[in-house]
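In my numbering, the protein residues as written are 80 to 765.
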Ligand code: MSP
């Protein structure tokens with residue numbers, strides 16, 4: 080997997096010595112291996128890869144790191160649940176992550192696992208270095224408080240939902256822990272952190288996140304418990320092996336430990352190297368408060384930027400690992416690849432485009448499959464794909480399939496050139512500002528401008544008039560724009576870029592230390608070179624294909640829980656590593672219910688309040704996310720399938736759901752799961 084990436088690197092080194100080059104180091108979070116990769120984790124990883132490629136295009140020396148976070152109580156328990164030794168289990172799962180990324184055209188330079196000796200040794204060194212430089216910073220004490228195993232984090236009373244001490248993120252009860260623990264004197268770093276944020280406005284991005292962190296730090300920092308004694312799946316604390324390191328202490332150091340094995344790699348954490356950590360908003364505090372404080376204490380340079388992106392929903396529904404209706408990115412790539420008559424790589428590139436274009440990086444966003452197909456047809460099919468096809472078609476007809484000369488430039492070309500220069504500058508600025516959605520928007524504005532230009536310049540009309548010089552100039556201009564587009568799309572669609580270039584008769588892009596985005600003017604192609612028109616780049620999807628693709632893409636097995644929190648522990652059927660045992664399934668009490676009453680919930684557009692007969696003395700109140708698909712009255716009398724033993728869940732003041740209905744489909748088009756015949760209310764479904 081790493082072979083291609085390192086060959087790209089060595090080309091860079093061959094052309095220019097590293098010392099003279101700007102260095103760009105981008106990291107993703109290291110992923111917990113209690114789950115398989117999903118669209119959320121793919122999102123960050125794909126953006127990291129696109130940024131890596133953008134910097135390669137600029138001729139910079141780049142390095143991308145991803146990997147897996149393999150210690151901690153959550154993984155120890157998960158392994159046990161599956162009857163496996165932790166080491167065996169984490170290896171199996173980590174392999175799935177490592178195998179997934181290249182299939183999404185992601186080529187990290189390194190893949191770190193926190194169970195690797197190279198990491199364990201250096202994480203211990205890190206701990207010792209803190210203790211050596213600041214003996215007061217790590218001290219032994221006792222910890223008593225709440226712990227969420229899902230978050231692998233301590234929680235204060237204030238952070239929990241009541242009743243039941245529920246973690247607001249995982250919707251599961253937290254655990255009480257009381258044990259000896261080493262503490263990190265985080266309280267000493269409050270002023271230094273605030274000062275760092277002030278001196279380095281790019282450290283936390285986007286700005287709204289900076290404000291959030293500043294007010295958290297200003298409200299006072301408590302020392303942090305950084306070791307545990309009640310389980311052993313972790314890195315032993317140096318000098319006191321009864322303790323293992325707090326999994327976040329171990330994990331955060333990965334960004335630095337991964338570079339230490341090689342002198343060239345170490346340079347990525349030195350000097351003016353740009354170090355960018357991409358993280359989800361849920362793990363911002365770890366990266367912008369704990370991590371910089373650890374680094375300050377160890378006397379190590381801080382990263383340049385921690386960029387927190389938002390959370391993705393899929394078809395309007397929540398998607399996260401612990402709430403498990405995640406979507407498989409490889410499944411989406413495969414389905415799209417098939418629908419457009421290409422391979423999985425073609426599908427993966429469409430997915431890359433969609434993820435980067437549809438969601439403003441930094442904001443929450445919805446990944447909607449119908450919108451994705453629409454955008455595919457419009458941006459990729461009708462805009463870029465069509466521009467290539469019509470340009471090459473015209474060249475075949477009018478210039479004998481060769482690049483024509485550019486001899487008669489008019490105001491039309493001048494206007495196009497300046498529009499393109501502006502868009503191109505904006506696209507580059509957007510990549511630099513970590514705004515891939517805007518970079519792509521500006522890139523596609525170039526394709527739109529070129530399509531409008533060809534309509535206005537009308538080479539077919541000039542051809543009819545016998546105006547050869549104009550025909551040639553127009554087609555040469557279009558070929559130049561396409562050549563530029565092939566460069567600009569490379570960070571997000573490297574294989575399609577190769578294909579565009581092949582059809583244009585150009586070599587694929589091979590980053591080589593040169594700045595591919597350096598020129599500003601529309602490049603003119605040399606006359607006489609051969610073109611090689613090929614298959615349609617992005618065949619548009621007709622209504623039948625669109626319908627079939629939507630059917631395939633809409634999540635089924637992990638369908639959203641319309642009434643309440645999905646049961647944690649259910650996993651995609653296609654994921655054997657997360658298959659459940661019959662015993663696990665059998666704890667779910669499924670019953671036939673009959674809806675006796677239904678009403679809308681004020682101020683909650685999606686919710687209905689149902690009274691459901693389960694053959695019990697009283698009707699059950701179930702709050703269900705059905706309002707976008709059903710009128711309340713249409714539900715009365717319906718036979719439904721109810722998860723009867725789900726813990727009550729509060730949806731707002733006085734609005735508690737005592738069970739969940741099963742349904743399939745997106746929120747606007749749900750169909751209810753039901754049973755045939757006239758089974759009595761309360762009958763068990765087995
Ligand atoms: N292991 C820690 C990170 C340690 S980094 C030193 C961890 N792992 S995780 O696997 O739970 O999550 C990894 C990342 O996935 C987080 O950045 C999280 O925000 C992201 N996402 C999980 N669900 C997501 C969405 N639905 N949408 C976008 N990103 C999501 O936390």
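Backbone N, C-alpha and C fix where the C-beta goes; we use that ideal spot for every residue, glycine too.
* Is there contact here, the segment 251 to 259 with the segment 210 to 227, by at least three beta-carbon pairs under 8 Å? -> Cβ pair count under 8 Å is three or more, so yes.
* To do: Verify the contact flag: residue 119, CB atom, against every heavy atom of the ligand MSP, threshold strictly below 7 Å.
  => For the ligand MSP, at least one heavy atom lies less than 7 Å from the Cβ of residue 119.
* Beta carbon of residue 108: closer than 7 Å to some heavy atom of the ligand MSP? -> At least one heavy atom of the ligand MSP lies less than 7 Å from the C-beta of residue 108.
* Asked: What did DSSP end up calling residue 181 once you bin it into helix, strand or coil?
  -> Taken through DSSP and simplified to helix, strand or coil, residue 181 comes out as helix.
* **Between the CA atoms of residue 673 and residue 404 - distance to the nearest angstrom** => Here residue 404 scores only 44 on pLDDT, less than 50, and its place in the model is too uncertain to base an answer on.
* Is any heavy atom of the ligand MSP found at a distance shorter than 7 Å from the C-beta of residue 111? -> The answer is yes for residue 111.
* To do: State the DSSP-derived secondary structure class of residue 569, mapped to helix, strand or coil.
  => The answer is coil: DSSP assigns residue 569 none of H, G, I, E or B.
* residue 186 classed as buried or exposed, judged by whether at least 16 other C-beta atoms fall within 10 angstroms -> Under this definition residue 186 is a buried residue.
* Using only alpha-carbon positions, find the residue among 264, 500 and 244 that is nearest to residue 210. => Of 264, 500 and 244, the residue nearest in Cα terms is 264.
* Using 10 angstroms around the beta-carbon of residue 218, count the other beta-carbons present and answer buried if the total reaches 16, otherwise exposed. => Its Cβ having fewer than 16 others within 10 Å, residue 218 is exposed.
* Asked: Can you name the start and end residues of the beta strand (DSSP E) that residue 354 belongs to?
  -> It spans 353 to 359 - the beta strand (DSSP E) in which residue 354 sits, taken as one unbroken run.
* **Cβ pair residue 753, residue 699 closer than 8 Å** => No, the Cβ-Cβ distance between residue 753 and residue 699 is not below 8 Å.
* Which same chain residues, not among the five before or five after residue 379, have their C-beta less than 7 Å away from its C-beta? -> Once the five neighbours on either side are set aside, the close Cβ partners of residue 379 are 335.
* To do: Closer than 7 Å by C-beta to residue 514: which residues in its own chain qualify, once you throw out the five before and the five after it? Chain order, please.
  => Result list for residue 514: 440, in chain order.
* How far does the beta strand (DSSP E) with residue 309 in it reach, from first residue to last? -> Bounds of any beta strand (DSSP E) do not take in residue 309, whose DSSP letter is neither H nor E.
* Looking at the unbroken beta strand (DSSP E) that takes in residue 392, where does it start and where does it end? -> For residue 392, the enclosing beta strand (DSSP E) starts and ends at 391 to 393.
* Can you round the beta-carbon distance between residue 465 and residue 555 to whole angstroms, since I take them to be within the 8 Å contact cut? -> Distance from residue 465 to residue 555 at the Cβ level is roughly 19 Å; contact not present, criterion being Cβ atoms closer than 8 Å.
* Just how far apart, CA to CA, sit residue 107 and residue 142? -> Taking the straight line joining both Cα atoms gives about 12 Å.
* Touching by the beta-carbon criterion (3+ pairs, under 8 Å), the segment 289 to 299 and the segment 316 to 334 -> Counting C-beta pairs with one atom in each stretch, the segment 289 to 299 and the segment 316 to 334 have fewer than three that are closer than 8 Å, which means they do not touch.
* Asked: Per DSSP, what kind of secondary structure is residue 186 in: helix, strand or coil?
  -> Under the three-state reduction of DSSP output, residue 186 falls in the coil class, being neither helix nor strand.
* How long is the line joining the alpha carbons of residue 733 and residue 193, rounded to whole angstroms? -> Taking the straight line from one Cα to the other gives about 45 Å.
* Reducing DSSP to helix, strand and coil, say where residue 387 ends up. => Residue state for residue 387 is assigned as strand, using DSSP reduced to three classes.
* How many angstroms separate the CA atom of residue 167 from the CA atom of residue 362? -> Each residue's Cα considered, the two are about 27 Å apart.
* Asked: Could one say the Cβ of residue 555 lies closer than 8 Å to chain D's Cβ atoms, at least one of them?
  -> Looking for chain D here will not work: only one protein chain is present.
* **Endpoints, the beta strand (DSSP E) within which residue 446 is located** => Note, residue 446: beta strand (DSSP E), 444 to 446.
* Output the residue ranges of the alpha helix (DSSP H) runs that lie fully inside the segment 664 to 690 and measure 4 residues or longer, sorted by chain position. => With a minimum length of 4 residues, there is no unbroken run of alpha helix (DSSP H) contained wholly in the segment 664 to 690.
* Fully enclosed by the segment 272 to 353, which alpha helix (DSSP H) runs are 4 residues long or longer? -> With a minimum length of 4 residues, the continuous alpha helix (DSSP H) runs that stay inside the segment 272 to 353 are 286 to 297, 326 to 331, 333 to 336 and 342 to 345.
* Within 7 Å: the Cβ of residue 122 and any heavy atom of the ligand MN? -> As for the ligand MN, it is missing from this structure, which binds only the ligand MSP.
* **Other residues of its chain near residue 365: CB distance less than 7 Å, five sequence neighbours each side excluded** => So the qualifying residues of the chain are 327 and 331.
* Beta-bridge pairing of residue 763 - partner residues as DSSP gives them -> Under the DSSP definition of a beta bridge, residue 763 partners with 670.
* Identify the continuous beta strand (DSSP E) that holds residue 146 and give its terminal residues. => Looking at the DSSP string, the run of the beta strand (DSSP E) that includes residue 146 is 140 to 148.
* **residue 262, buried or exposed, once every other Cβ within 10 Å from all chains shown has been counted against 16** => Classification of residue 262: buried, given that the 10 Å Cβ count is 16 or more.
* Going by beta carbon distance, what residues of the same chain come within less than 8 Å of residue 580, once the five residues before and after it are set aside? -> Cβ within range, chain order: 562, 565, 586, 587 and 588.
* What separation, rounded to the nearest whole angstrom, lies between the Cα atoms of residue 147 and residue 105? -> Taking the straight line from one Cα to the other gives about 15 Å.
* Residue from 498, 671, 320 and 740 with nearest C-alpha to residue 755 -> With distances taken between Cα atoms, residue 755 lies closest to 671.
* Asked: Leaving out the 5 sequence neighbours to the left and right, which residues in its chain are closer than 6 Å to residue 415 when beta-carbon positions are compared?
  -> Around residue 415: 426 and 429.
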